[in-house]
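Engineer: Below: one structure in structure tokens.
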Amino acid sequence: MDRGECVSLLPRVCEVLRDSGRSLPDDTSLEKLLDWFSGLTEAGGSLLEAHPCLLEFISTVVNKTSSDPDVISFALKLSGLIAATEDGFETLQERSVLDLTFNQRHWQEAGLWEDPCIRIGWIQGVRSMLQHSKALGFFVQADFIVPLLQLQTDSSLFVAAAANQTLAHVLLFFQPALSAGCNGTVKSQGSDTRTREHPGVTTAETDHDYSAVLVAISEYLKGSLVRGEENTRLHQSRQILKLLALLLARAAPPLRDKLLRTVADPLEELVTAGCSRLMPPLMDIVLAANSSSSVPDQRVTRLLSSMLNTNKPADRLRAAAAFLHSGHRDTVHTVRAVRILLLPLDIITGQTQLGADTSEEHRFSMVEQLKSKTTCVSMVCVCLTNTPQITLMPPDLLPCPLVVIVSAVLSLLRICCGDSSSGGCAEVFRNVIGSGKVQKCALEVLACLSSSPGVKDELTEVVTVLIQYLNDPDSDPTVIHKSYQALVKWMSVCEDLSSVTDLLRRDLSEVVRKRVCDMRWEVRDSTVEFLGKLAAVPKSVEETRDGTWPGSCSSAPLLREALQDPESYVRASAVAALAQTLARGWQQGAALTQEQTDIVSRLLEILSQDTEGFARRAVLQYFIAWFSSRASHTSPPSSSTTSSSSSSSSSSSSSSLLVNSVSSILSLGSADLDWEVKVHTLELAELLLDEALSGHRGYRKGPETPPALLHPYAVVPDRTSTLRMQGAESDSAGALSDLVERGVVSALLSGLVDCDRPVGLKACQLLITLRDTICPPPLETLDATPATATVARVSCELPACGWGREIRKILGANKCDKAKEADVAGETREEGKGEGNDGVSVCEMLRSLGLDARLDVLSQSSDHVHNSPLSLLQDILTASAAHTRQDMQPGQEVIVDCY
Amino acid sequence: MKLYCLSGHPTLPCNVLKFKSTTIMLDCGLDTTSVLNFLPLPLVHSPRLSKLPSWVSKDGAVNLEKELKECAGRVFVDSQPEFCLPEKELLDLSTIDVILISNYHCMMALPYITEHTGFTGTVYATEPTLQIGRLLMEELVNFMERVPKAQAATCWKNKEIQRMLPGPLKDAVDVWTWKRSYSMQEVNSALSKVQLVGYSQKVELFGAVQVSPLSSGYSLGSSNWIIQSHHEKVSYVSGSSLLTTHPQPMDQSSLKNSDVLILTGLTQMPTANPDGMLAEFCSNLAMTIRAGGNVLVPCYSSGVIYDLLECLYQFIDNASLGTTPFYFISPVANSSLEFSQIFAEWLCHNKQSKVYLPEPPFPHAELIQTNKLKHYPSIHGDFSSDFRQPCVVFTGHPSLRFGDVVHFMELWGKSSLNTIIFTEPDFSYLDALAPYQPLAMKCVYCPIDTRLNFHQVSKLLKEVQPLHVVCPEQYTQPPLSQSHRSDLMLELQPPPMPYRRCSVLNLPFRRRYERIYILPELANSLVPSEIKPGISVATVSAVLHSKDNKHTLQSVPKPPPAPPSKKRKRVMEEPPVVQAPKPLLSGAVPLEAFLATLKKHGITEVKVEETADGHILHLQAEDTLIQLEEDGTHIVCDNNEPLRTSLRDLVLRFLQKL
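Those sequence lines, one after another, are chains E and P.
Heads up: the first sequence is residues 1 to 899, going by this note's numbering.
Heads up: the second sequence is residues 1001 to 1658, going by this note's numbering.
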């Protein structure tokens, strides 16, 4: 419906743009317009056919150099977009718009070329146009390569980057045609998908054009890479290196080979010159060249070697890091890179077994760098962040066993705390002592190293150092957090914790008890979180699980205490941790303890009274976790009978406590102010639905078939057949009344009319599932069996106010439509119902709520109206109207806040 | 300029500066660590302490049954505790003109100096320093006097005996100079010599130097001092802090351009960050209370305790300690808590502004109002009836040798539920606990020292750029236990001058200028002439008059009017006694121009010879030499006065006259 309106509005919009480009609602309007057009083109339509007014628009704008530069730029980009198809290209050429539009001299003479937005419009226009050989011909004929190469070093970074992209595009997009024609080498399709899109019509003309472009670019690359003045050179070289990286990453072998042959020597010269600022882009090139070929190229290998051998320690380190991350497993260079990366660690910790870079010269220059605080911290961090990568190497490529790396990291951590028994370089110590950044990096690495083979021997040391960190009063909250993470990681990976039992019992318990009382809520939060995670650590450590073990039930009192924490995050974490700690009890279906009862009542108190959403959300998640763990551990019901009675059978166990609390949770949760709490409430309701309905044929769990994608009537035949089964019918009635009784239906209904869209959506999906599974079709369409009648009789009560009133309103509105012809008596009965608290038939209500239509509305994002092209066009017109009407002062602009 | 160092304790300094005819004592700190060698003074009879065995040397030769007792392998002196005083022999202390006090911790030795050395000068301190210092002294006297010990142990001090004692008694130095506490009378007399000053107030000392206190940010009224003459500036930096606690922030900019900066009172705990320690304090406190134990905090009655209480005020609710009673027990508890609230002008800005609201600057007022914090002069009296456990007790003395804290140590030491948390950095906690061993109580060491750390001080020095820095030798090398920590020492260029107890330093700068005043009438008579743009010079003849270190130029007294006697008249005809001074010359003779002028005057045969200082012109025809040098011109010509005169005039043409 929009499209027609858009077509009719566009000419007026074009008119507005042509005349008063300045009165646009905001500076993204043109971009949005262009996005819309590219969307249309990508969908396969012809822009000019759909919107003939565009041709007129372009030709007027490019002829009128007094137009607003933004509009001209827009016209340039639009022309490129239109010319991307051969038809569009021809049309533009026939109307001789193309020549003028992309005539750079035309814009220069008009004095507009100075404006970067014109240049970028021009570049992007050219870039979009270059999708077929005719465009390439036009490109070569007009000699666009010269300005494009100039723009590559443009003062505007955006222009320069766009020029680079375009240059790369020309060479890459048309490359297969070249490989067949010119060199006679085997034609390669390359990995680029667009080369395949390309018709591949390799006429001699195209080949000729392409080789002209290739020659021009190659000459330029060769000539400018190391030439020029010192200050301009850096910028230019960097741009060229970027271009080369773009090209080499996607070039097929012939093109890559040619390029490499052209630039290998200048590149080597650059590497030897040792300009630090060019090192990252140089490395990109090496990696790009390496990644696009399966067989390592000699020249690239040589380049890589010289980069890994450069004199500046920081560059060398970065090069080594980049190499390792590229994922190449070239033995010689990998070994080299690893040795380089381990050098800072070696120097600081004095751990010579690391087998790091042994060159005296390298070591000396590195020590010098490490003596300066800023470079030291950054270099150590580079070293550390790459250490996990190193541990993934095959053992034969490593200069030392992994356990040595672990012990070096531990030494470093000790040094950071001011404790140094190792024989490292004392002058460097002062730079890392107390450095939170290094500590965090090292702790992360330590956590990663836990799963490496052969490192378990260090467990005692690791736990000692981590407890030291947890105990250190100067440890930053984030450092403490990372220490906890590392500890959990090591404890969960190591099967045999017997060697650290004492440490854990005595020191860790002590420090944890202290940290739950910490002044900083972040620390309390991490501690509480840690206690939860510790409970989930695999169970092979039974011997440590007595009263003093921090992960055991002894942590429950600490967590219960934390439920009263003044900080809501901590309360939330405490709830979550309690869930993890008590999970074992639920799973074993143990008898109810006083502690559990206390916790549940405390949680209900939080849910009803806590002022912060986090804690209340956590409570819901607690019950969700409990409910799911219970569901997964009670044997799946073979028939619906067991399912409905399972809740009442285990009255003595903890699950009866859960079942008993569910209805209060649902009613509290759905009345919450926080939408996330409400969504979680609905998730809990979903679990209850699952449990009640899982025996029914035709019941599908929500997540597997998102109702939004499902055709609303798709399940009807299935459902009918289910409902015809006598036995299932009566169970349906039982299940339904059970759901009503537990408050599930009320929760869903109140969610349906909630003002928060996610809540409404979720509730609507669940209600549809319920309706489709359990409710019989309207009585008049099927033969009413006694069972269907039973189901239909299940009713629920709607409260007189709040969501009850809303639901009644919807029902009333729908009823009104139907009851227009109905008798007066019926209507009065309906009204009477609205006032009192009489039961309403659930099935009837589900059918009458118009759920499917509601789902459609709720599925759309809330801003879908404002993001449509129609709205954009209307905005532009309105803004221009406002502009002309107000007769504004020059300089005054209409500012419409789109967001 | 000389500096006499009377104390070896870097945070309890006592130095004497001789600067321009004044003798200034900088601080008067009392080293109380000596009390750790003594047995605690229990408030109520302690069977445990009284039953300690006497120490007998291994061979049984030495038996000081009454003086030395043994406890858990260490030997203690059973006597009234004694303190280590500042050095008294290094210079005659009666010559001291003034004593400048930087904070209340650094004045505890004042009565020893002012009362027993013949001191007749003045003591300068800020008001909070005086008042709180008085409280601390009062408290000390009270602690000592309420538990009198009949005997004073002296035999152990005998050199022969001391040598045979086990450490640390064996290594204690100058034990003969150790003194018992002063009396209240001496305190009052000493403090009567204090004159109050305000921040930035300038006090003239004999016209020679000016001293003025600057806020140092460490405690209420704590100051650094600037001692300056017109052309020299010495800064004395004692305990200073850059942390935002309760006192006024540190005034750093006034320390700029010092010739010498004397740096003392850096943090005693360079590796312990006060924030971390405060957090540690709170969590240990909460942990103990939650487990049903009591917390004992041995502390001074002023200073960090205000911050601790403030921190706890915020923490109490967080840690759900709302119902736990907090007791502050000190003979001066009440005054200390009240004083802190009234020194508004000495507080940080944040707290100052509260004074104008109906809200006390420190939240401990609210703790007192809500009965969460209760204070008592001692454990006797009201306290014993109000006492409820578990609780938190703040009480002195941090050395655990005297004061109410001794009682709580005896009371709570046996239970592992209780915790003692050390917050004062002045004493080694292990030494403090030694006479209480074996101890079941948990000990936590959270020394909170807000004074400058090495990182902060090097930044400060970089900013204020003193020419020379003088500091205790402890600051010039890393701590003994952490010799690899090169970050825990002062690294400066030029290196700081270290001092130790009894050092006498010649401060490395010399007075070069002195300010002289010119009387208005004399100034009126001056005729300045400009020699360079902006610089004018005038000659002056006057009489220099010096009094009270002030120098004044006065006009030369006119000769008395001549009496109308004939004889005298004749005298008057003689050339006057005071001749008008000859004009002074300045400038240089340009060689080329001078040669040209000579040529113009017919002197053509000139041989120019270059010398180290200038040129020698040989006028060959006239057989005359002209030496042109940087600071003089000589014309050497024999017996040709007219030629000399005309040459002189030619030279004078090129010079300016004043």
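Cβ coordinates follow ideal geometry from the N, Cα and C atoms, glycine included.
(1) Kindly identify the DSSP beta-bridge partner or partners of residue 1125/P.
(2) First and last residue of the beta strand (DSSP E) that includes residue 1443/P?
(3) For a test of the three-state rule: what should DSSP assign to residue 439/E, helix, strand or coil?
(4) So what's residue 1550/P in DSSP terms, helix, strand or just coil?
(5) Per DSSP, which one or two residues make a beta bridge with residue 1609/P?
(6) Which residue wins for smallest C-alpha separation from residue 1367/P, given the options 1114/P, 1424/P, 1308/P?
(7) Name, going along the chain, the residues of the segment 1466-1498 of chain P whose beta-carbon falls closer than 8 Å to a beta-carbon of chain E.
(8) Residues of chain E with CB under 8 Å from residue 1440/P, in chain order?
(9) Can you tell me whether residue 1230/P is buried or exposed, with buried defined as 16 or more other CB within 10 angstroms of its CB?
(10) Check each candidate in 118/E, 842/E, 518/E, 92/E and name the one with the smallest Cα separation from residue 70/E.
(11) If we ignore side chains and look at the alpha-carbon of each, how far apart do residue 114/E and residue 318/E end up?
(12) Does any CB atom of chain E fall closer than 8 Å to the CB of residue 1009/P?
(13) Provide the residue(s) that pair with residue 1074/P in DSSP beta bridges, ordered along the chain.
(14) Relative to the C-alpha of residue 267/E, which candidate in 300/E, 292/E, 235/E has its C-alpha closest?
(15) Have a look at residue 1017/P and residue 1095/P and give me their C-alpha separation to the nearest angstrom.
(16) So which residues of chain E does residue 1271/P contact, with C-beta pairs closer than 7 Å?
(17) Count the other CB atoms, across all protein chains shown, that sit within 10 Å of the CB of residue 1267/P; report buried if there are 16 or more and exposed otherwise.
(18) Kindly identify the DSSP beta-bridge partner or partners of residue 1329/P.
(19) Give the DSSP bridge partners of residue 1210/P, in chain order.
(20) Using 10 angstroms around the beta-carbon of residue 1423/P, count the other beta-carbons present and answer buried if the total reaches 16, otherwise exposed.
(21) Give the secondary structure of residue 1387/P by DSSP, where H, G and I count as helix, E and B as strand, and everything else as coil.
(22) Ignoring anything shorter than 3 residues or poking outside the segment 1410-1436 of chain P, list the beta strand (DSSP E) runs there in chain order.
(23) Along the chain, where does the alpha helix (DSSP H) that runs through residue 220/E open and close?
(24) Apply the 10 Å Cβ neighbour rule to residue 340/E and answer buried if 16 or more other Cβ atoms are within range, or exposed otherwise.
(25) According to DSSP, is residue 433/E helix, strand or coil?
(26) Under 7 Å Cβ to Cβ from residue 507/E, same chain only, skipping five residues before and after it: list those, please.
(27) Excluding the 5 residues preceding and the 5 following residue 1551/P in the sequence, name in chain order all residues of the same chain whose CB lies nearer than 8 Å to its CB.
(28) What would DSSP say about residue 485/E, mapped onto helix, strand or coil?
(29) Near residue 1258/P, which residues of its chain fall below 6 Å by C-beta distance, leaving aside the five closest residues on each side in sequence?
(30) With residue 1208/P and residue 1020/P assumed to form a contact (beta carbons below 8 Å), what rounded beta-carbon distance in angstroms separates them?
(31) State the CB to CB distance for the pair residue 1330/P and residue 1395/P, rounded to an integer number of angstroms; the pair is presumed to be in contact (CB under 8 Å).
(32) Closer than 9 Å by beta-carbon distance: list the chain P residues that pair up with residue 429/E, in chain order.
(33) Can you give me the Cβ contacts of residue 1438/P inside the same chain, cut-off strictly under 8 Å, excluding the 5 residues immediately before and after it?
(34) By the 7 Å beta-carbon criterion, what residues does the segment 474-489 of chain E contribute toward chain P?
(35) Less than 8 Å between the beta carbons of residue 677/E and residue 613/E, yes or no?
Structural biologist: The structure says:
(1) 1196/P
(2) 1442-1445
(3) Helix at residue 439/E.
(4) strand
(5) 1616/P
(6) 1308/P
(7) 1482, 1484, 1485, 1486, 1487
(8) Simply none; closest approach about 16 Å.
(9) Exposed is the call here.
(10) 118/E
(11) 38 Å
(12) Proximity of residue 1009/P to chain E, defined by a Cβ-Cβ separation below 8 Å, is not satisfied.
(13) 1071/P.
(14) Ranking the options by Cα distance to residue 267/E, first place goes to 300/E.
(15) Answer to the nearest angstrom: the Cα atoms are 12 Å apart.
(16) Chain-order list of chain E residues neighbouring residue 1271/P: 418, by C-beta distance under 7 Å.
(17) buried
(18) The partner list for residue 1329/P (beta bridge, DSSP) reads 1376/P, 1395/P.
(19) Under the DSSP definition of a beta bridge, residue 1210/P partners with 1204/P, 1228/P.
(20) buried
(21) coil
(22) Listed in chain order, they are 1419-1422.
(23) 204-224
(24) buried
(25) coil
(26) 467
(27) 1514, 1515, 1516, 1517, 1544, 1545
(28) helix
(29) 1233, 1235, 1466
(30) Contact between residue 1208/P and residue 1020/P holds: CB atoms are separated by about 4 Å, below the 8 Å threshold.
(31) 6 Å
(32) 1484, 1485, 1486, 1487
(33) 1072
(34) Answer set for the segment 474-489 of chain E: 474.
(35) Yes, they are a contact pair.
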